[in-house]
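**Q** I am attaching a structure below and will ask some questions about it afterwards.
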């Protein structure tokens, strides 16, 4: 087979592809493979390009046994680590003295690997979050059966703690179910009309007792005109409740909910409503901001657990906002409070 025919064959392959013949040299590589492995690789010994031991062993075995092989190739695209699954197939009658060659095809499985790692991390996090209250419950049950059996004061105190731990588990399970439901519906765009001012006012009224108990004042700033969006009323209520409740718990002594309308917002390239939840609390260190919407990520882990946080609230908020084709932005400086901004597209002016 001529070199032009080899090159044409490889370029027609949709995946990065390399041919290694019995002389153990690379006799052809398509553009995608050159991009992945580097320039001027044709003519070089494959071990100088593909240096990973499992890949070298697979190529040698394929050439020797003339049988299909597989291997994993780890790389980096400059932004992240990447993983490729290499399939090797023997091609007879080409290469040095027509002795045959191994065709290597590189399949990018990075996203699959990342998804698998995310699943493993998620299971590990859920297990960890459940293990703590379960361990506490088991310990108190054992104590109540033993040393504190006849101690009424200790029994009442332990039962209160057990109730708190059980409530924590219940909140966690509830948030997990809510997250699963939101992710399932994320690609289905809601069609109901939602009055944002009415929903914000209702949320503030509902959370007023919580704010009063924390000595926090709540304020709503909104125009007289109705601002409406296409949305899921229950999910948007969940978003407002989560953000305002977080501001009450972790902010200062004043929380503001601000609603504005813009005829053109660059974030959604059209008319949009902006809902901002502003507090005057201690703020969030900039190092935490990019990860706030990750599952189980907490800027202040100890305090969050003490206040009943599950670490899933902002992850749920992110998925709900995505479903509404909106944007979520977080601005915060230490000592200067935080601003959580939701930008939702709307089709008409108030």
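In the working numbering, the protein residues as written are 544 to 893.
Just so it is clear, CB atoms sit at the ideal spot from N, CA and C, and this is done for glycine as well.
These figures come from a predicted structure and were not determined experimentally.
Since residue 762 is in the beta strand (DSSP E), which residue starts that stretch and which ends it?
**A** For the purposes of this step, residue 762 is identified with residue 219 of the chain shown, where counting begins at 1. Segment 760 to 764, the beta strand (DSSP E) holding residue 762.
**Q** Can you pull the DSSP bridge partners for residue 629?
**A** Taking the first residue of the chain shown as 1, we reach residue 629 at position 86. According to DSSP, which records beta bridges pairwise, residue 629 is partnered with 614, 649.
**Q** Which residue spans inside the region 780 to 818 form an unbroken beta strand (DSSP E) run of at least 3?
**A** Entirely contained in the region 780 to 818, the beta strand (DSSP E) runs reaching 3 residues are, in chain order, 797 to 808.
**Q** Considering only residues of the same chain and omitting the five flanking positions on each side of residue 786, which have a CB-CB separation below 6 Å?
**A** The count along the chain shown starts at 1 and reaches residue 786 at position 243. The answer, listed in chain order, is 820, 883.
**Q** Taking the CB atoms as reference points, tell me whether residue 810 and residue 870 lie closer together than 8 Å.
**A** Mapped onto the chain shown, residue 810 falls at position 267. Mapped onto the chain shown, residue 870 falls at position 327. Yes, the Cβ-Cβ distance between residue 810 and residue 870 is below 8 Å.
**Q** What does a CB cutoff of less than 8 Å around residue 734 pick up in its chain, not counting 5 residues either side in sequence?
**A** On the chain shown, position 191 is the one that residue 734 refers to. Cβ neighbours of residue 734 beyond the five flanking positions: 773.
**Q** What span of residues does the beta strand (DSSP E) with residue 574 cover, start to end?
**A** Against the chain shown, residue 574 aligns to sequence position 31. Unbroken run through residue 574 is the alpha helix (DSSP H), 574 to 580; no beta strand (DSSP E).
**Q** Beta strand (DSSP E) containing residue 883: first to last residue?
**A** Numbered from its first residue, the chain shown carries residue 883 at position 340. Per DSSP, residue 883 belongs to the beta strand (DSSP E) from 881 to 888.
**Q** Which of helix, strand or coil does DSSP assign to residue 564?
**A** Within the chain shown, numbered from 1, the residue matching residue 564 stands at position 21. Note: residue 564 maps to strand in three-state DSSP.
**Q** Could you tell me the boundaries of the beta strand (DSSP E) in which residue 738 lies?
**A** Position 195 of the chain shown, counted from the first residue, corresponds to residue 738. Where residue 738 is concerned, the enclosing beta strand (DSSP E) stretches over 736 to 738.
**Q** What residues are listed by DSSP as bridge partners for residue 872?
**A** Residue 872 sits at position 329 when you count from the first residue of the chain shown. Answer is 884.
**Q** Sort out for me which residues DSSP pairs residue 725 with in a bridge.
**A** Residue numbering aside, residue 725 sits at position 182 when the chain shown is read from its first letter. Residue 725 pairs with nothing; no bridge assigned.
**Q** Quick check: residue 565 and residue 638, are their CB atoms within less than 8 Å of each other?
**A** Here residue 565 refers to the residue found at position 22 of the chain shown. Here residue 638 refers to the residue found at position 95 of the chain shown. In this structure, residue 638 lies closer than 8 Å to residue 565 by Cβ.
**Q** At what residues does the beta strand (DSSP E) containing residue 598 begin and finish?
**A** Taking the first residue of the chain shown as 1, we reach residue 598 at position 55. Here residue 598 belongs to no beta strand (DSSP E); instead the alpha helix (DSSP H) covers 596 to 608.
**Q** In the DSSP assignment, what residue or residues form a beta bridge with residue 771?
**A** For this step, residue 771 is matched to residue 228 along the chain shown. Paired residue(s): 738.
**Q** Look at the alpha carbon of residue 880 and the alpha carbon of residue 823, and state the distance between them as a whole number of angstroms.
**A** As a first step, residue 880 is located in the chain shown; it is residue number 337 there, counting from the start. As a first step, residue 823 is located in the chain shown; it is residue number 280 there, counting from the start. Near 4 Å, if we compare the C-alpha coordinates of residue 823 and residue 880.
**Q** What residue range is occupied by the uninterrupted alpha helix (DSSP H) comprising residue 552?
**A** Taking the chain shown and counting its residues from 1, one reaches residue 552 at position 9. Note, residue 552: alpha helix (DSSP H), 546 to 554.
**Q** Given this structure, state the Cα-to-Cα distance separating residue 840 from residue 724, to the nearest angstrom.
**A** Taking the first residue of the chain shown as 1, we reach residue 840 at position 297. Taking the first residue of the chain shown as 1, we reach residue 724 at position 181. Straight-line Cα distance between these residues: approximately 20 Å.
**Q** Need the endpoints of the alpha helix (DSSP H) that residue 857 sits in, please.
**A** Sequence index remark: in the chain shown, residue 857 carries index 314 (1-based). Note, residue 857: alpha helix (DSSP H), 856 to 866.
**Q** Residue 596 to residue 834, Cα distance in whole Å?
**A** Start at 1 with the first residue of the chain shown, and residue 596 comes out as number 53. Start at 1 with the first residue of the chain shown, and residue 834 comes out as number 291. Taking the straight line from one Cα to the other gives about 36 Å.
**Q** Among 778, 551, 696, 663, which one has its Cα closest to the Cα of residue 718?
**A** The count along the chain shown starts at 1 and reaches residue 718 at position 175. The shortest Cα separation from residue 718 among 778, 551, 696, 663 belongs to 778.
**Q** According to DSSP, is residue 671 helix, strand or coil?
**A** Reading the chain shown from its first residue, position 128 is the one you call residue 671. Helix.
**Q** Mind checking who residue 571 pairs with in its DSSP beta bridge?
**A** Counting from 1 along the chain shown, the entry for residue 571 is found at position 28. DSSP output for residue 571 lists 562 as bridge partner(s).
**Q** Bridge partners of residue 619, per DSSP?
**A** By one-based count along the chain shown, residue 619 stands at place 76. Answer is 624.
**Q** With distance defined between alpha-carbon atoms, name the residue in 749, 827, 867 nearest to residue 878.
**A** Walking along the chain shown from the start, residue 878 turns up at place 335. Per the Cα distances, 827.
**Q** For residue 888, count the other beta carbons within 10 Å of its own beta carbon; 16 or more makes it buried, fewer makes it exposed. Which is it?
**A** For the purposes of this step, residue 888 is identified with residue 345 of the chain shown, where counting begins at 1. Buried.
**Q** With a CB to CB cut of under 6 Å and the five nearest residues on each side skipped, what residues in its chain are close to residue 636?
**A** Start at 1 with the first residue of the chain shown, and residue 636 comes out as number 93. None.
**Q** Comparing alpha-carbon positions, which option in 684, 620, 720, 780 lies nearest residue 706?
**A** Working through the chain shown from its first residue, we reach residue 706 at position 163. The shortest Cα separation from residue 706 among 684, 620, 720, 780 belongs to 684.
**Q** Just verifying my parser: in three-state terms, what is the DSSP assignment at residue 634?
**A** The sequence position of residue 634 within the chain shown is 91, counting from 1. Residue state, collapsed to three classes: strand.
**Q** Assuming residue 614 and residue 601 form a contact by the criterion Cβ under 8 Å, report the distance between their Cβ atoms to the nearest whole angstrom.
**A** Taking the first residue of the chain shown as position 1, residue 614 is located at position 71. Taking the first residue of the chain shown as position 1, residue 601 is located at position 58. Going by Cβ atoms, the distance from residue 614 to residue 601 rounds to 4 Å, so yes, they are a contact pair.
**Q** Alpha carbon to alpha carbon, how far is residue 791 from residue 756? Give it in angstroms, no decimals.
**A** As a working note, residue 756 is residue 213 in the chain shown. As a working note, residue 791 is residue 248 in the chain shown. Residue 756 and residue 791: Cα-Cα distance of roughly 10 Å.
**Q** Across which residues does DSSP place residue 822 in a beta bridge pair?
**A** Looking up residue 822 in the chain shown gives position 279. DSSP, once it has assigned bridges, lists 798, 881 as partnering residue 822.
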